[in-house]
Amino acid sequence: MAVIWKEIAFVQDVALLSAQTAHDIGTTAAAGVATDASKHDHVHVLGAACVDNSTIANTAGVLSIKADGIGAAQIADDAVGSEHIEALSAALDFAGYQSLDMVIHQKSTAPTTPVVGKLWHDSDDQKLYICTSSSA
Amino acid sequence: MADTWKEVAFVDDVASLSEYTAHDIGTEAAAGEAVDASRHDHVHILGSGTVDGTSIELNANALRVVADGVTEANIHDDAVGSEHIEALSANLDFAGQEAQEMVVHQATIGSPPTGVVGKWFQDSATKKLYVCTAKS
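Line by line, the protein sequences give chains A and B. Position one of the first sequence corresponds to residue 1 (this note's numbering), numbered consecutively onward. Position one of the second sequence corresponds to residue 137 (this note's numbering), numbered consecutively onward.
Pasting the structure below:
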């Protein structure tokens with residue numbers, strides 16, 4: 001049988017398990033300089049630097065799209081369709097641009113909510129109407 | 137008092153502390169195959185596979201929404217309100233759809249909007265409808 005000599009590990013030679021909280025996820029990976037080792041079930045959280053804070057928010061390690069984080073730069077051309085636009089709650093400023101291929105509201109009866117300036121096209125008599133007075 | 141025998145660890149039975157940079161956060165958890173242990177202050181970064189790159193990307197290892205990353209599929213129905221729509225910078229193509237419940241721009245013939253052929257407004261005093269037919 002061969003002779004075997006085994007080196008005995010001294011405490012300073014081995015990694016002890018750390019009781020320290022694991023570091024946050026960062027933007028530069030690192031080996032660390034600590035002299036103790038992470039337990040295998042340690043948990044990291046997303047660090048503040050993990051998001052650029054312009055579009056994504058990091059609140060206590062929980063990611064979300066930042067309020068007003070989606071700007072014009074983030075919206076793809078033609079991404080906004082009719083289904084995404086709720087009924088207007090303010091006047092829409094056309095800024096001198098054309099409403100292309102627009103169809104006047106088709107109705108067989110006058111709108112139930114008259115507003116001065118409201119247009120509709122009578123689908124029965126084919127006449128165009130505009131409200132000039134909304135008072136009862 | 138009972139006799140107590142403690143097993144002494146040999147060097148090759150225990151983990152030493154690693155000098156290697158920690159692996160990136162991935163999409164599949166793994167125990168790993170290394171024979172050394174992470175120091176407790178090691179730092180991970182988010183791996184490129186943890187974001188899809190089409191809507192969220194890593195910029196200098198920080199998350200952000202991609203330019204043009206918000207597409208039709210990302211926008212909830214009725215999410216876009218008047219407050220989100222700036223004054224138009226191009227013609228709006230109704231593609232034959234109706235402008236429902238639309239109210240014509242209210243102004244006065246004494247102080248009309250900037251003239252553009254085809255622009256119309258209703259005189260808020262006389263209630264007459266005007267359309268621009270020539271721009272000086």
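Built from N, CA and C at the ideal position, the CB exists for glycine as well. Bear in mind the structure is a predicted one, so any value in this text is a computation, not a measurement.
Inset, instruction - Determine, using beta carbons only, whether Val206 of chain B comes closer than 7 Å to chain A. - result: Taking the second sequence and counting its residues from 1, one reaches residue 206 of chain B at position 70. Contacts with chain A at 7 Å (Cβ-Cβ) include Val206 of chain B.
Inset, instruction - Have a look at Asp124 of chain A and Asn227 of chain B and give me their C-alpha separation to the nearest angstrom. - result: In the first sequence, the residue the question calls residue 124 of chain A occupies position 124. In the second sequence, the residue the question calls residue 227 of chain B occupies position 91. So the alpha carbons of these two residues sit roughly 30 Å apart.
Inset, instruction - Would you please verify whether the beta carbon of Leu194 of chain B is less than 7 Å from any beta carbon of chain A? - result: Numbered from its first residue, the second sequence carries residue 194 of chain B at position 58. Closer than 7 Å: no.
Inset, instruction - Could you tell me whether the segment 207 to 216 of chain B touches the segment 73 to 80 of chain A, where touching means 3 or more Cβ pairs closer than 8 Å? - result: The segment 207 to 216 of chain B is in contact with the segment 73 to 80 of chain A.
Legend entry - Contact set between Ile181 of chain B and chain A, taken where Cβ atoms lie within less than 7 Å: Mapped onto the second sequence, residue 181 of chain B falls at position 45. Neighbours of Ile181 of chain B on chain A, chain order: Ile25, Gly26, Thr27, Thr28 and Ala29.
Inset, instruction - Say whether chain A places a C-beta atom closer than 7 Å to the C-beta of Ile211 of chain B. - result: Looking up residue 211 of chain B in the second sequence gives position 75. So, interface residue.
Inset, instruction - Identify the continuous beta strand (DSSP E) that holds Gln131 of chain B and give its terminal residues. - result: Chain B is shown only over 137 to 272; residue 131 of chain B falls outside these bounds and no answer can be derived.
Inset, instruction - Can you tell me which of the three DSSP states Thr186 of chain B falls into? - result: Residue 186 of chain B sits at position 50 when you count from the first residue of the second sequence. In this structure, Thr186 of chain B counts as helix in the three-state DSSP scheme.
Legend entry - Assigned secondary structure, Ser247 of chain B (DSSP; H/G/I helix, E/B strand, else coil): Translated into the one-based positions of the second sequence, residue 247 of chain B becomes position 111. Strand, per DSSP.
Inset, instruction - Output the residue ranges of the beta strand (DSSP E) runs that lie fully inside the segment 157 to 224 of chain B and measure 3 residues or longer, sorted by chain position. - result: For the segment 157 to 224 of chain B, whole beta strand (DSSP E) runs of length 3 or above, ordered along the chain, are 192 to 195 and 198 to 201.
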